[in-house]
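Some notes on the structure that comes next.
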C-alpha cells in the first residue's frame, strides 16, 4: 500500500481546515481522550490485557485512547 | 493482581512461565490482600477504583477461589468501586462455570486468550479450538476483546484470522509473542499481512481496525529524554504471589523467573524516571512508538530497561503499515474529523517521511536518522 504526495497534501489540508474552522490547535496526541478505565496501565503491547472496552486501542504510555478516532 | 495458582492445563509454545506447579493461593490470604488494597484505594487521592486481576497459570485451575471471592465481594461490597478480571484460555469452561460467570458478570470479566484459528490453536497450544465456546465469551462480555498472540506460525494467515474473528463480531487485541528471534522474512511477511488488513479496513467501515494498526506516532521526530513507561507495573499495579510476597508484576515472580531470580517489588525503584531507559535506543526514532515490557526485559535479558532487539524489524513493519493506514483512513473523513483525528493525523504526517527512509531489509536498528 503506497501513499501518494496527493494524499499527503489532502490530509494536511483537511487538518488545517479543521483547525481553522474549530479555532483550535490540534495539540499533541497526549491531549486526546483520556482513558478512564485502565488508568493508563494497558498498552496493548503488554502480555496482559485490561478489562476496559478500550483495551485494544489504549496507548498506556500517553494515557490517551485511539478508540474515539475509529468510532 | 493475585497469583491464585501456578498451575495450567496447557503448555503453549510461547509461554514464558517455566516454573508452573500445583501451588495455589489460600482463600484467606486473597481476601485479606483485597481488603488491604481496597483500604489503600479508599485512602488515596490518586486512585478511585480497584481492579482485582486473578492470574495464573490458568486462573480457572483455581475456580473455587474465584467463586468464593466473587460471591464474598458480591455480598460484602468493598468501600471502593471494584471489578474482578481474569485472563483465561477458555478450555476449562463447563456448563456450571458458564452459568455461574453469567450470573456474576457484573463483578467479574473474563478475557479470552486464543490463537485465532483451529490450526494455530493446535500447534501453539496443543488443544482443539472447538472446545472453546467463543460465542459465550462474546455474549457475556461483549465489550471485552479477545487476546491474540502473534507467533511465527501465525504470520502467514494473520490477516485472514483477524478478519474472520472480527466479522463474527469479536473484538480482537493482538500483540507479538516475546523472546522470539524474528527474521527479516518474518518482518516482511508481517508488513504484508498488516497491509492486507489495512485494505480490508479501508473497504469496510464496519470493521474496527485492530490495535496494532492504531497506535499513535507521537514524538517520533523528537524522542523524549526518558522512555515512557508502557505499563503500570509497581505503580498502578502490584502483584501478590501465592505466598503474599509482592512483585511489580507477575513477570518478576517465581512462576516466570524461578525462586532464585525472582525480583521482589521493594528491590526496584519503580518511580525512577530512567527505569525504562535503554541507552542503545536513545536516538531511535521509534523509541516512543516501540513497546517495552520491563518484566520481559528482565526475564530475557536480566535488566528491566534492556529491550528486545530481536523484534525491532517487526516494530518497524508495524510502524510503516500503521502510518500508511492512518494517513489513508483519515483522508476518508473529510466531514467527520474530530480533534483526536487531527492529533493523530499530524503525528502520522511527521512520521511518514522518516519511515519512508527505512526498509525492512536495509535498515539496522536502532533506527537513527
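Protein chains in written order, with my numbering: chain A, 193 to 263; chain B, 10 to 378. Glycine included, each C-beta is placed from N, C-alpha and C at the ideal position. None of the values given here were measured: they were computed from a predicted structure.
Between which residues of its own chain and residue i is the CB-CB distance below 8 Å, once the five residues before and five after are set aside?
i: residue 367 (chain B); result: 325, 329 and 376
i: residue 81 (chain B); result: 40
i: residue 279 (chain B); result: 242, 243, 244 and 257
i: residue 94 (chain B); result: 60, 61, 62, 63, 117, 118, 119 and 120
i: residue 129 (chain B); result: 160, 162, 163, 166 and 170
How many angstroms separate the CA atom of residue i from the CA atom of residue j?
i: residue 98 (chain B); j: residue 38 (chain B); result: 25 Å
i: residue 118 (chain B); j: residue 228 (chain B); result: 35 Å
i: residue 1 (chain B); j: residue 207 (chain B); result: Nothing can be reported for residue 1 (chain B): it is not among the residues displayed for chain B, which extend from 10 to 378.
i: residue 312 (chain B); j: residue 306 (chain B); result: 6 Å
i: residue 319 (chain B); j: residue 87 (chain B); result: 44 Å
i: residue 284 (chain B); j: residue 314 (chain B); result: 6 Å
i: residue 60 (chain B); j: residue 89 (chain B); result: 10 Å
i: residue 85 (chain B); j: residue 161 (chain B); result: 46 Å
i: residue 107 (chain B); j: residue 68 (chain B); result: 15 Å
i: residue 273 (chain B); j: residue 259 (chain B); result: 10 Å
i: residue 166 (chain B); j: residue 212 (chain B); result: 19 Å
i: residue 44 (chain B); j: residue 114 (chain B); result: 21 Å
i: residue 365 (chain B); j: residue 196 (chain B); result: 16 Å
i: residue 155 (chain B); j: residue 168 (chain B); result: 15 Å
i: residue 294 (chain B); j: residue 236 (chain B); result: 12 Å
i: residue 193 (chain B); j: residue 322 (chain B); result: 7 Å
i: residue 142 (chain B); j: residue 124 (chain B); result: 14 Å
i: residue 152 (chain B); j: residue 180 (chain B); result: 7 Å
i: residue 149 (chain B); j: residue 105 (chain B); result: 15 Å
i: residue 51 (chain B); j: residue 62 (chain B); result: 18 Å
i: residue 275 (chain B); j: residue 145 (chain B); result: 41 Å
i: residue 135 (chain B); j: residue 21 (chain B); result: 7 Å
i: residue 216 (chain B); j: residue 351 (chain B); result: 21 Å
i: residue 232 (chain B); j: residue 12 (chain B); result: 36 Å
i: residue 296 (chain B); j: residue 290 (chain B); result: 6 Å
i: residue 212 (chain A); j: residue 298 (chain B); result: 29 Å
i: residue 187 (chain B); j: residue 199 (chain B); result: 15 Å
i: residue 348 (chain B); j: residue 174 (chain B); result: 30 Å
i: residue 378 (chain B); j: residue 363 (chain B); result: 8 Å
i: residue 317 (chain B); j: residue 300 (chain B); result: 10 Å
i: residue 138 (chain B); j: residue 357 (chain B); result: 38 Å
i: residue 111 (chain B); j: residue 220 (chain B); result: 27 Å
Under 7 Å Cβ-Cβ, which residues of chain D neighbour residue i?
i: residue 204 (chain B); result: Judged by its chain identifiers, the structure shown contains no chain D, and its protein chains are A and B.
Grab me the residues of residue i's own chain with a C-beta within less than 6 Å of its C-beta, minus the 5 sequence neighbours each way, in chain order.
i: residue 230 (chain B); result: 359
i: residue 253 (chain B); result: 38
i: residue 31 (chain B); result: 16
i: residue 334 (chain B); result: 207 and 222
Since residue i sits in a beta bridge, which residues does DSSP pair it with?
i: residue 95 (chain B); result: B:63 and B:119
i: residue 132 (chain B); result: According to DSSP, residue 132 (chain B) bridges with nothing at all.
i: residue 155 (chain B); result: B:181
i: residue 11 (chain B); result: B:63 and B:249
i: residue 4 (chain B); result: Here chain B comprises residues numbered 10 to 378, so residue 4 (chain B) is not present and cannot be evaluated.
i: residue 242 (chain B); result: B:246
i: residue 255 (chain B); result: B:249
Using a beta-carbon distance below 8 Å, is residue i in contact with chain B?
i: residue 197 (chain A); result: no
i: residue 211 (chain A); result: yes
i: residue 200 (chain A); result: yes
Measure from the C-beta of residue i to each C-beta in chain A and report whether the shortest distance is under 8 Å.
i: residue 354 (chain B); result: yes
i: residue 361 (chain B); result: yes
i: residue 346 (chain B); result: yes
i: residue 22 (chain B); result: no
i: residue 159 (chain B); result: no
i: residue 75 (chain B); result: no
i: residue 343 (chain B); result: yes
i: residue 283 (chain B); result: no
i: residue 340 (chain B); result: yes
i: residue 208 (chain B); result: yes
i: residue 42 (chain B); result: no
i: residue 87 (chain B); result: no
i: residue 69 (chain B); result: no
i: residue 78 (chain B); result: no
i: residue 137 (chain B); result: no
i: residue 369 (chain B); result: no
i: residue 322 (chain B); result: no
i: residue 336 (chain B); result: yes
i: residue 351 (chain B); result: yes
i: residue 82 (chain B); result: no
i: residue 333 (chain B); result: yes
i: residue 198 (chain B); result: no
i: residue 121 (chain B); result: no
Going by beta carbon distance, what residues of the same chain come within less than 7 Å of residue i, once the five residues before and after it are set aside?
i: residue 261 (chain B); result: 271, 272, 304 and 307
i: residue 79 (chain B); result: 93, 113, 116 and 117
Can you find a heavy atom of the ligand ZN that lies under 7 Å from the Cβ of residue i?
i: residue 150 (chain B); result: No copy of the ligand ZN appears in this structure; indeed no ligand is present at all.
Notebook entry, point to check: Going along the chain, which unbroken runs of the beta strand (DSSP E) with 3 or more residues stay wholly within the segment 161-232 of chain B?
Noted result: Within the segment 161-232 of chain B, the complete beta strand (DSSP E) runs of at least 3 residues are 181-185.
Next item on the list: Would you mind listing the alpha helix (DSSP H) stretches within the segment 270-331 of chain B that are 4+ residues and don't spill past its ends, in chain order?
Entry: If we require 4 residues or more, the alpha helix (DSSP H) runs fully inside the segment 270-331 of chain B come out as 303-310.
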